[in-house]
Amino acid sequence: MLRVQKVKVDDIYVPTARKKTLHPETVRHLAEDILENGMKTPIQVRHDGKRHILVEGLHRLEAAKWLGETEIDAYLVQAKRH
Numbered sequence: 001m002l003r004v005q006k007v008k009v010d011d012i013y014v015p016t017a018r019k020k021t022l023h024p025e026t027v028r029h030l031a032e033d034i035l036e037n038g039m040k041t042p043i044q045v046r047h048d049g050k051r052h053i054l055v056e057g058l059h060r061l062e063a064a065k066w067l068g069e070t071e072i073d074a075y076l077v078q079a080k081r082h
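Quick note on the UniProt record's numbering: the sequence shown kicks off at 1 and runs consecutively.
This is how it looks when you write it as structure tokens:
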């Protein structure tokens with residue numbers, strides 16, 4: 001079973017290919033929803049021994065950054081590199 005843990009947003013590496021899928025308008029709408037309702041679903045990260053790497057949740061991560069959050073709830077998953 002996956003366990004939620006707090007991860008510092010600045011310690012999460014976002015692969016370049018993932019950054020290309022970012023939609024600023026989606027981030028803004030999601031940030032507003034998080035303010036009203038809280039973060040409903042944790043992001044997913046994997047750890048490569050040195051850092052956390054984003055697997056799922058780019059828009060949630062960017063919305064948290066936009067809101068000035070320093071930590072975010074995340075599931076630590078075992079994922080293969082793309």
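For glycine and all other residues, C-beta sits at the position ideal for the given N, C-alpha and C. Only a predicted model underlies this, so the values are computations on that prediction, with no experimental measurement involved.
Practice task
Compare the beta carbon distance of I12 and L76 with 8 Å and say whether it is the shorter of the two.
Solution key: Indexing the sequence shown from 1 puts residue 12 at position 12. Indexing the sequence shown from 1 puts residue 76 at position 76. It is not a contact, given that the beta carbons lie outside the stated cut-off.
Problem - Backbone secondary structure at H23 - three-state DSSP - result: Mapped onto the sequence shown, residue 23 falls at position 23. The answer is coil: DSSP assigns H23 none of H, G, I, E or B.
Exercise for the section: Could you check which residue in E32, G68 and A17 has the C-alpha nearest to that of I53? Expected result: Within the sequence shown, numbered from 1, the residue matching residue 53 stands at position 53. Closest option to I53, Cα to Cα, is A17.
Practice task
Pick helix, strand or coil for V77, following the three-state DSSP scheme.
Solution key: Your numbering for residue 77 matches position 77 in the sequence shown. Reduced to three states, the DSSP call for V77 is coil.
Handout entry: Boundaries of the beta strand (DSSP E) in which K6 is found, first to last residue
Key = Within the sequence shown, residue 6 is the residue found at index 6, counting from 1. Counting along the chain, the beta strand (DSSP E) containing K6 begins and ends at V4 to K8.
Exercise for the section: Given a cut-off of 8 Å, decide if P42 and D73 are closer than it, judged by their beta-carbon atoms. Expected result: Within the sequence shown, residue 73 is the residue found at index 73, counting from 1. Within the sequence shown, residue 42 is the residue found at index 42, counting from 1. The Cβ atoms of D73 and P42 sit closer than 8 Å to each other.
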